[in-house]
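Numbering (full-length UniProt numbering), first residue to last: 1 to 93.
Next up, the structure:
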């Protein structure tokens, strides 16, 4: 699975985890140079608190276009420190 933004592959993994229709990429298979921490945090029941990132590639920015659960609830432990992307980022199998 690849995550592509502005024609650049920002994440690539054969080990994504699919939860709730979202593909989560292992953090070490995401190119963090294209992510900038956001101040946005949300809480999803059953998942825990999500921390967001802005995605920035070649001058194009999508605010809050990626998120992670650094300390997920027990039933969401499989996505701890994995990163998912909004529809602003294209996913290709």
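Note that the Cβ used here is the ideal one computed from N, Cα and C, for glycine as well.
Keep in mind the model is a prediction, meaning the values are calculated, not measured.
Residue 56 beta carbon less than 8 Å from that of residue 88 = No, these two residues do not count as a Cβ contact at 8 Å.
request  = Would you list, in sequence order, the uninterrupted alpha helix (DSSP H) runs of no fewer than 4 residues that lie entirely inside the stretch 15-55?
outcome  = Fully enclosed alpha helix (DSSP H) runs of 4 or longer: not present.
ask   = At what residues does the beta strand (DSSP E) containing residue 84 begin and finish?
value = Element bounds for residue 84: 82-85.
task = If I'm right that residue 43 touches residue 37 with Cβ under 8 Å, what's the distance once you round it to whole angstroms?
result = Residue 43 to residue 37, Cβ: 18 Å. No contact.
task = Give the straight-line distance between the Cα atoms of residue 28 and residue 16, rounded to the nearest whole angstrom.
result = Whole-angstrom Cα-Cα distance: 12 Å.
ask   = According to DSSP, is residue 78 helix, strand or coil?
value = Taken through DSSP and simplified to helix, strand or coil, residue 78 comes out as helix.
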